[in-house]
Amino acid sequence: MKTLGIILLSAMLTDNFVLSKFMGICPFLGVSKKLDSATGMGIAVTFVMICATIVTYPIHHGILVPNGLEYFDTVVFILVIALFVQLVETALKKLVPSLYKSLGVYLPLITTNCAVLGVTVLNIDNNYTFLQSIVNALGGGLGFMLALVIFSGVRKKLEYADIPETFKGVPATLIAASIVSVSFMGFSGLFN
Amino acid sequence: MTYVVPVIILGVCGLLAGVLLTIASKLFYVAVDERIERIGEALPQANCGACGYAGCADYADAIVNSNAPTNLCRPGGADSAKKIAEILGTAAAEVIPMTAVVHCNGDCNATEQQFDFDGVQSCKAVKRFYGGNGACKYGCIGLGDCVSVCEYNAITISDNLAKINPAMCQACGQCVNACPNNLISIKPKAKKIDVLCSSGDNGKATKAVCSNGCIGCKICEKKCPVGAIKVEQFHAVIDYDKCTSCGQCKSACPVKAIH
Chain A
1 MKTLGIILLS
11 AMLTDNFVLS
21 KFMGICPFLG
31 VSKKLDSATG
41 MGIAVTFVMI
51 CATIVTYPIH
61 HGILVPNGLE
71 YFDTVVFILV
81 IALFVQLVET
91 ALKKLVPSLY
101 KSLGVYLPLI
111 TTNCAVLGVT
121 VLNIDNNYTF
131 LQSIVNALGG
141 GLGFMLALVI
151 FSGVRKKLEY
161 ADIPETFKGV
171 PATLIAASIV
181 SVSFMGFSGL
191 FN
Chain B
1 MTYVVPVIIL
11 GVCGLLAGVL
21 LTIASKLFYV
31 AVDERIERIG
41 EALPQANCGA
51 CGYAGCADYA
61 DAIVNSNAPT
71 NLCRPGGADS
81 AKKIAEILGT
91 AAAEVIPMTA
101 VVHCNGDCNA
111 TEQQFDFDGV
121 QSCKAVKRFY
131 GGNGACKYGC
141 IGLGDCVSVC
151 EYNAITISDN
161 LAKINPAMCQ
171 ACGQCVNACP
181 NNLISIKPKA
191 KKIDVLCSSG
201 DNGKATKAVC
211 SNGCIGCKIC
221 EKKCPVGAIK
231 VEQFHAVIDY
241 DKCTSCGQCK
251 SACPVKAIH
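So the sequence lines, in the order shown, correspond to chains A and B. Numbering-wise (the working numbering), the first sequence opens with residue 1 and increments by one. Numbering-wise (the working numbering), the second sequence opens with residue 1 and increments by one.
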């Protein structure tokens, strides 16, 4: 139980996928303009991460390893992730059309979001058990959402800030992102 | 075997995914009227909001689902209206080409500035200081809030006065909302006569600050054969529904405020 807690919190905070591992930067910068789309994106990514882990873990250990096909991980995993992203997309289009519109191109881009593939591959690399993998995926997803939500707040402030002309727009956003990332460094060494 | 097993595994995974997605797409099927997409293509995608909807996609949706008029798109004009009518199979609604016009002629030769403004260089900011730095509190401030919102580069500032180039103006109305003095309005392109003053001061006060200002003498009112021009709040206003562009008010105006 203690290990699970540590895995969850370290995936969320110390090893935050966006702010410590620099994975999934494109939705981090693309969808963090508004709080509601940031939360929506966070939930979508968390869902895809957990579902992908539930499916890829048995595939890896049940099918690929016995056949000596570990090198096949990436291809199969991406296929599984694409499947779930497509599922989320069709479901969102029907159930929450406004969120579907505000996420726009970033929704299908979850497919190639390295954070999602990162979770599934890291689960295998770290020799996690099935339960640990799911907890790691949950932590990763929540961490991703946390980063997006925090950053959407920062960006809101940034809108009102008086920024020198040359830094307006993307440069200021990237600098702000780096500062948020620095703040997450403070979590390092929290769990051993 | 080295090649067969991976192929089979990937094939089976792909097949399963395909089946699942087919089920999901049936389950979450959303009926989309294909006309909406085609109307969206017929619109210029300027997303200016001049039609009163939140953007081109929203307008296309409204045309199909809530019977919105097909001639509301100003940037698209007659072209768009014709294409939309073809898609819907109805007669094309008439589109009157519109343009924006700045109702002020107080350039730096006609009027003066009361003080130099050193703050944020925007009309809205200046307007907050004693109603603006121009001698006339109703006239064009000339810092170009309208220029910065215009997506068609139709507005230029010359001699401290905003001018709209009707050839480039798409009448989207962004500048109308941007002007803190509400100097800009949208009018039919075919109507040639404009009153270029919006002063709310009486004739004497207007004359004291601007040599091009309307003094509200009502000569134009008397000259107009169709009663299209009226002095309201100390300056003449043209009713474009009645105006025939005969130009009698223009030649009669003693201060040349009508152009």
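Positions of the beta carbon are idealized from the N, C-alpha and C atoms, including for glycine. Quick caveat, the model's predicted, so the values are computed rather than measured.
Open item on the list: Using the Cβ count rule (16 or more neighbours within 10 Å means buried), how would you classify Asp116(B)?
Closed with: Taking all protein chains in view, the Cβ of Asp116(B) is surrounded by fewer than 16 other Cβ atoms within 10 Å, so the residue is classified as exposed.
- [ ] Determine the contact status of Ser245(B) and Lys189(B), defining contact as a CB-CB distance below 8 angstroms.
- [x] no
Task: Same chain only: Cβ atoms within 7 angstroms of Val302(B), ignoring 5 sequence neighbours per side - done: Any property of residue 302(B) remains undetermined from this structure, which presents chain B solely from 1 to 259.
Open item on the list: Check for me: the alpha helix (DSSP H) holding Ala81(B) runs from which residue to which?
Closed with: First-last of the alpha helix (DSSP H) with Ala81(B): 77 to 88.
Task: Where the region 78 to 94 of chain A meets chain B: residues whose CB sits under 8 angstroms from a CB there - done: Leu79, Val80, Ala82, Leu83, Gln86, Leu87, Thr90, Ala91, Lys93, Lys94
Task: 8 angstroms Cβ cut-off: residues of chain B touching Phe72(A) - done: Pro6, Ile9, Leu10
Open item on the list: Strictly below 7 angstroms CB to CB, what residues from chain A border Ser185(B)?
Closed with: By Cβ distance, chain A contributes nothing, its closest Cβ being about 30 angstroms from Ser185(B), past 7 angstroms.
Open item on the list: With a threshold of 8 angstroms between beta-carbons, can Cys56(B) be considered close to chain A, or not?
Closed with: So no, Cys56(B) is outside the interface.
Task: Sub-8 angstroms separation of Val226(B) and Gly216(B) beta-carbons - done: no
- [ ] For the region 143 to 152 of chain B and the region 170 to 185 of chain B, state whether three or more C-beta atom pairs, one from each stretch, are separated by less than 8 angstroms.
- [x] yes
TODO: Would you please state the rounded distance, in angstroms, between the beta carbons of Leu103(A) and Val31(A)? I believe it to be under 8 angstroms.
DONE: 6 angstroms
- [ ] Identify the continuous beta strand (DSSP E) that holds Pro188(B) and give its terminal residues.
- [x] That run of the beta strand (DSSP E) goes 184 to 188.
Task: Pair within 8 angstroms by beta-carbon distance, Ala46(B) and Glu112(B) - done: Not in contact: Ala46(B) and Glu112(B) (Cβ atoms no closer than 8 angstroms).
Task: Amino acids of chain A, ordered along the chain, whose beta-carbon sits closer than 8 angstroms to that of Phe28(B) - done: Here the neighbours are Thr90, Ala91, Lys93, Lys94, Leu95.
Task: Leu27(B), enclosing beta strand (DSSP E) - first and last residue - done: Here Leu27(B) belongs to no beta strand (DSSP E); instead the alpha helix (DSSP H) covers 4 to 27.
Open item on the list: Going by beta-carbon coordinates alone, are Lys134(B) and Gln121(B) separated by less than 8 angstroms?
Closed with: In the sequence as displayed, the identity of residue 134(B) is Gly instead of Lys. Contact: no.
Task: Beta carbon of Cys73(B) nearer than 8 angstroms to that of Ser80(B) - done: yes
Open item on the list: Per the DSSP calculation, Leu309(B) is bridged to which residue(s)?
Closed with: Residue 309(B) lies beyond the residue range present for chain B, which begins at 1 and ends at 259; the question has no answer from this structure.
Open item on the list: Taking 8 angstroms as the cut-off, does the region 18 to 33 of chain B touch the region 89 to 96 of chain A (at least 3 CB pairs, one atom from each stretch)?
Closed with: yes
Task: Cα-Cα separation, Ala115(A) to Glu37(B) - done: When rounded, the distance between both Cα atoms is 34 angstroms.
Task: Proximal residues to Ala38(A) (C-beta, below 7 angstroms), its chain only, five neighbours per side dropped - done: Result list for Ala38(A): Val31, Ser32, Leu148, Val149, Ser152, in chain order.
Task: C-alpha gap between Ala228(B) and Tyr53(B), whole angstroms - done: Answer to the nearest angstrom: the Cα atoms are 31 angstroms apart.
Task: Distance between Asn165(B) and Pro260(B) (C-alpha atoms, nearest Å) - done: What the structure shows of chain B is the stretch from 1 to 259, and residue 260(B) is not part of that stretch, so it cannot be assessed.
Open item on the list: Which residue wins for smallest C-alpha separation from Val149(B), given the options Ser158(B), Tyr138(B), Cys169(B)?
Closed with: Cys169(B)
Open item on the list: Between Phe84(A), Leu99(A), Leu174(A), which has its C-alpha nearest Leu21(B)'s C-alpha?
Closed with: Phe84(A)
Open item on the list: Strictly under 8 angstroms for the Cβ-Cβ distance: is Cys13(B) near chain A by that measure?
Closed with: yes
Task: Spatially closest choice to Gly143(A) from Ala176(A), Phe72(A), Ile78(A), Ala44(A), by CA coordinates - done: The shortest C-alpha separation from Gly143(A) is found at Ala44(A).
Open item on the list: Does the contact criterion of 3 or more C-beta pairs under 8 angstroms hold for the region 3 to 13 of chain B versus the region 59 to 72 of chain A?
Closed with: yes
Task: Under 9 angstroms by beta carbon: chain B residues contacting His69(A) - done: Checking the sequence shown, residue 69(A) turns out to be Leu, not His. Neighbours of Leu69(A) on chain B, chain order: Val5, Pro6, Ile9.
TODO: Could you tell me the distance, in whole angstroms, from the CA atom of Tyr160(A) to the CA atom of Ala176(A)?
DONE: Between Tyr160(A) and Ala176(A), the C-alpha separation is close to 14 angstroms.
Open item on the list: Here's the rule I'm using: 16 or more other beta-carbon atoms within 10 Å means buried, otherwise exposed. How should Tyr59(B) be labelled?
Closed with: buried
TODO: Ignore the nearest five residues each way along the sequence and tell me which others in Asp36(A)'s own chain have a CB closer than 8 angstroms to its CB.
DONE: For Asp36(A), where only same-chain residues beyond five positions count, the Cβ hits under 8 angstroms are Leu99, Ser102.
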